[in-house]
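Participant:
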Amino acid sequence: MKIVTLETNNPDLKLVEPDIERDALNGVKWLEGDMGRATLQLMGVADEHNKPTTLDEEKERVNDFLTRQDQLNWMIEYRGKVVGSVWVDLEASDFLASPSVHVMIGDPDMRGKGVGLASVSSVIDYLKDGGEKTVYSRYITTNIGSEHLLSKLGFENLGEPYSDGDLLFQNMKLELMIDPESIN
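In numbering that gives the first Met the number 0, the protein residues as written are 0 to 183.
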């Protein structure tokens, strides 16, 4: 699905369409070693699926980002360097309603600096401009950073934590406010 570039409230940060060659290399780099395993674990990847990746696997993943009709995918670009990704699932899963927004800051040096917050906020605005009234997300309960980011954006817990495989997740929901001035 063709993606439009999204600006954020940070002039150094924008959301761009995935690129197979560029982003496959980033994926391999972000997901290698102990830091990569920890990143995947924080995203809710079960231990049995938390394995090193290859360049070919990452090229397939990025190609999937570009061709899926049930998902919108952007890469997070900070000062010309891709540092993560943000995506929206357009169809509900067994555990989560749609649309649901998710983020991964792959570059560990960029975590905790507002990159995820600005990126997800921009995607929420995009969905709101498209007529969505509610946005969902979820986080693995041990990922305090994701919980903080989603809460800061106004998401609220939806139901109780639940198990998905051997991991415990919490769903969240954000009701989007309609600006009365935009109705005219």
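Idealized CB from N, CA, C, for every residue including glycine.
At the level of alpha carbons, what is the spacing between residue 150 and residue 144?
Facilitator: Position 151 of the sequence shown, counting from 1, holds the residue named residue 150. Position 145 of the sequence shown, counting from 1, holds the residue named residue 144. For residue 150 and residue 144, the distance between alpha carbons rounds to 10 Å.
Participant: With a 10 Å radius around its C-beta and 16 neighbouring C-beta atoms as the bar for buried, classify residue 88 as buried or exposed.
Facilitator: For this step, residue 88 is matched to residue 89 along the sequence shown. Classification of residue 88: buried, given that the 10 Å Cβ count is 16 or more.
Participant: Taking 8 Å as the limit between beta carbons, can you name the residues of its chain near residue 131, skipping five residues before and five after?
Facilitator: Mapped onto the sequence shown, residue 131 falls at position 132. Excluding positions up to five away in sequence, the list reads 98, 175.
Participant: Since residue 246 and residue 110 should fall inside the 8 Å C-beta cutoff, what is the C-beta to C-beta distance between them, to a whole number of angstroms?
Facilitator: There is simply no residue 246 to check, as the chain begins at 0 and stops at 183 in what is shown.
Participant: Do you know offhand how far residue 17's Cα is from residue 1's?
Facilitator: For the purposes of this step, residue 17 is identified with residue 18 of the sequence shown, where counting begins at 1. For the purposes of this step, residue 1 is identified with residue 2 of the sequence shown, where counting begins at 1. If you take the alpha carbons of residue 17 and residue 1, they lie about 10 Å apart.
Participant: Excluding the 5 residues flanking residue 127 on each side, which residues of the same chain have their C-beta closer than 6 Å to its C-beta?
Facilitator: Here residue 127 refers to the residue found at position 128 of the sequence shown. Closer than 6 Å at Cβ, skipping near neighbours: 175.
Participant: According to DSSP, which residues form a beta bridge with residue 147?
Facilitator: Mapped onto the sequence shown, residue 147 falls at position 148. The partner list for residue 147 (beta bridge, DSSP) is empty, contrary to what the question assumes.
Participant: Can you tell me which of the three DSSP states residue 176 falls into?
Facilitator: By 1-based counting over the sequence shown, the position of residue 176 is 177. Residue state, collapsed to three classes: coil.
Participant: Rounded to whole angstroms, what's the CA-CA distance from residue 169 to residue 158? Just pull it up for me.
Facilitator: Position 170 of the sequence shown, counted from the start, is the residue given in the question as residue 169. Position 159 of the sequence shown, counted from the start, is the residue given in the question as residue 158. Taking the straight line from one Cα to the other gives about 8 Å.
Participant: Could you tell me if residue 83 is buried or exposed, where buried requires 16 or more neighbouring beta carbons within 10 angstroms of its beta carbon?
Facilitator: To locate residue 83, count along the sequence shown from 1; it is residue 84. Result: buried.
Participant: Closer than 6 Å by C-beta to residue 57: which residues in its own chain qualify, once you throw out the five before and the five after it? Chain order, please.
Facilitator: Position 58 of the sequence shown, counted from the start, is the residue given in the question as residue 57. So the qualifying residues of the chain are 23, 26, 27.
Participant: May I ask which residues mark the beginning and end of the alpha helix (DSSP H) holding residue 28?
Facilitator: Looking up residue 28 in the sequence shown gives position 29. Segment 19-29, the alpha helix (DSSP H) holding residue 28.
Participant: DSSP on residue 116, reduced to helix/strand/coil?
Facilitator: Here the question's residue 116 lines up with position 117 in the sequence shown. Helix at residue 116.
Participant: Express the C-alpha separation of residue 164 and residue 15 in angstroms, rounding to a whole number.
Facilitator: One-based indexing of the sequence shown puts residue 15 at position 16. One-based indexing of the sequence shown puts residue 164 at position 165. C-alpha separation (whole angstroms): 33 Å.
Participant: Have a look at 33, 172, 8, 19 and flag the residue whose alpha-carbon is nearest the alpha-carbon of residue 96.
Facilitator: Taking the first residue of the sequence shown as position 1, residue 96 is located at position 97. Checked all of 33, 172, 8, 19; the closest Cα to residue 96 is 172.
Participant: Helix, strand or coil for residue 156 per DSSP?
Facilitator: Working through the sequence shown from its first residue, we reach residue 156 at position 157. Of the three classes helix, strand and coil, the one that applies to residue 156 here is strand, per DSSP.
Participant: For residue 113, collect the residues of the same chain with a Cβ closer than 8 Å to its Cβ; drop the 5 residues on either side in sequence, then sort them by chain order.
Facilitator: Within the sequence shown, residue 113 is the residue found at index 114, counting from 1. 9.
Participant: Quick one: what does DSSP say residue 233 is sitting in, helix, strand or coil?
Facilitator: Missing from the structure shown is residue 233; the chain here goes from 0 to 183 and no further.
Participant: By the 10 Å Cβ neighbour count, where 16 or more other Cβ atoms means buried, how is residue 54 classified, buried or exposed?
Facilitator: Here residue 54 is taken as the residue at index 55 of the sequence shown, counted from 1. Classification for residue 54: exposed.
Participant: Sort out for me which residues DSSP pairs residue 6 with in a bridge.
Facilitator: Locating residue 6 in the sequence shown gives position 7, where the first residue counts as 1. For residue 6, which the question treats as bridged, DSSP gives the partners 13.
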